[in-house]
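Engineer:
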Amino acid sequence: MEILEDWSLQNSVGILIVLGVTLSAARTVDGIAQVLIVFVGVVVA
């Protein structure tokens, strides 16, 4: 149970970091942002 909660917490933090990086990339290079979005989609799926 604790392991699941820890994984969920780490996963949530990871998602926030990825979203932040994606937003930053979108402001500079659209190509990188698209790659990150696709990567996130694959990981979530």
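First residue of the sequence shown? That's -7 in my numbering, and the numbers climb one at a time after it. Here a beta-carbon is modelled for each residue, glycine too, at the ideal position from N, C-alpha and C.
Return helix, strand or coil for A37, following the three-state DSSP convention.
Structural biologist: Note: A37 maps to coil in three-state DSSP.
Engineer: With a threshold of 8 Å on Cβ separation, who are the neighbours of Q13 within its own chain once the five nearest residues in sequence on each side are excluded?
Structural biologist: In the sequence under discussion, the amino acid at residue 13 is Val, which differs from the Gln named in the question. Excluding sequence neighbours, V13 sits near L28.
Engineer: To the nearest angstrom, report how far apart G33 and V10 are at their CA atoms.
Structural biologist: C-alpha separation (whole angstroms): 11 Å.
Engineer: Between L1 and V35, what straight-line distance do the alpha-carbon atoms span, to the nearest angstrom?
Structural biologist: Roughly 16 Å separates the two Cα atoms.
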